[in-house]
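Asker: For the sequence shown, the numbering used here begins at 19 and goes up steadily by one.
For glycine and all other residues, C-beta sits at the position ideal for the given N, C-alpha and C.
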Amino acid sequence: MHLLYPSNPLRASRPDEQFSAEVEAVRNAGFEISLFSVEDFQGGECRPIPAVPHGQRVLYRGWMLSSLEYERLISALSLAGAKPIVSTETYLASHHYRIGNHAPLFHVRPHFCSMKITEDVRKYAAEQGIVEEERC
């Protein structure tokens with residue numbers, strides 16, 4: 019398994035500061051990593067350094083990406099011959115919570131609501147068919 023992390027925006031040869039401790043632990047555990055510039059990626063380029071080894075299974079560990087960004091990342095890795103561990107469908111199911119798709123999480127929701135819900139949110143929820151009890 020090979021891990022992919024975002025690079026530091028000011029020092030491309032280093033991991034983003036938020037992930038540096040994890041990168042160190044992963045390397046100490048014997049795993050190889052690559053870094054890539056999130057800013058370049060968002061501009062259309064995906065160039066992990068070092069390049070992800072062909073045929074290697076890859077796990078992305080970084081900032082949350084939009085559905086389109088994650089699809090582009092998976093495509094770029096696949097075109098380079100890598101095998102992404104987390105599919106787009108799995109990534110979206112675990113990172114993108116959509117209104118109306120709350121049934122799998124219903125059992126872990128809090129049984130109280132500590133914030134005041136504005137009338138705009140109440141109206142939107144009603145339009146989506148979400149009842150008061152489900153919003154909290």
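Please report the Cβ distance between residue 21 and residue 77, rounded to the nearest whole angstrom; I am assuming they are in contact, meaning their Cβ atoms lie under 8 Å.
Answerer: Taking the sequence shown and counting its residues from 1, the one referred to as residue 21 is at position 3. Taking the sequence shown and counting its residues from 1, the one referred to as residue 77 is at position 59. Between residue 77 and residue 21 the Cβ distance is about 5 Å, and since that is below 8 Å, they are a contact.
Asker: What does the Cβ neighbour count give for residue 92, buried or exposed, with the cut at 16 atoms within 10 Å?
Answerer: As a first step, residue 92 is located in the sequence shown; it is residue number 74 there, counting from the start. Label assigned to residue 92: buried.
Asker: Please confirm if the segment 36-44 is in contact with the segment 61-76, defined as three or more CB-CB distances below 8 Å between the two stretches.
Answerer: Too few Cβ pairs lie closer than 8 Å, so no.
Asker: If we require 3 or more residues per run, which beta strand (DSSP E) segments fall completely within the segment 36-101?
Answerer: The segment 36-101 contains these whole beta strand (DSSP E) runs: 50-54 and 75-78.
Asker: Return helix, strand or coil for residue 112, following the three-state DSSP convention.
Answerer: By one-based count along the sequence shown, residue 112 stands at place 94. It is helical.
Asker: Just the C-alpha distance for residue 84 and residue 59, rounded to the nearest angstrom, thanks.
Answerer: Taking the first residue of the sequence shown as 1, we reach residue 84 at position 66. Taking the first residue of the sequence shown as 1, we reach residue 59 at position 41. Cα-Cα distance, rounded: 12 Å.
Asker: Compare the Cα-Cα distances from residue 95 to each of 112, 52 and 107 and report the closest residue.
Answerer: Within the sequence shown, residue 95 is the residue found at index 77, counting from 1. The residue with the shortest Cα to Cα distance from residue 95 is 52.
Asker: Nearest-angstrom Cα distance between residue 81 and residue 141?
Answerer: Looking up residue 81 in the sequence shown gives position 63. Looking up residue 141 in the sequence shown gives position 123. Approximately 32 Å between the Cα atoms of the pair.
Asker: Residues bridged to residue 27 by DSSP?
Answerer: Looking up residue 27 in the sequence shown gives position 9. Partner(s): none; residue 27 has no beta bridge.
Asker: Count the other CB atoms within 10 Å of the CB of residue 49; is the residue buried (16 or more) or exposed (fewer)?
Answerer: Reading the sequence shown from its first residue, position 31 is the one you call residue 49. Flag for residue 49 reads exposed.
Asker: Using 8 Å for Cβ pairs, my map puts residue 103 next to residue 75. What's the rounded Cβ distance?
Answerer: As a first step, residue 103 must be located in the sequence shown, where it is residue number 85. As a first step, residue 75 must be located in the sequence shown, where it is residue number 57. Correct: roughly 5 Å between the Cβ atoms.
Asker: Would you report the Cα separation of residue 111 and residue 56, rounded to the nearest angstrom?
Answerer: In the sequence shown, counting from the first residue as 1, residue 111 sits at position 93. In the sequence shown, counting from the first residue as 1, residue 56 sits at position 38. C-alpha separation (whole angstroms): 22 Å.
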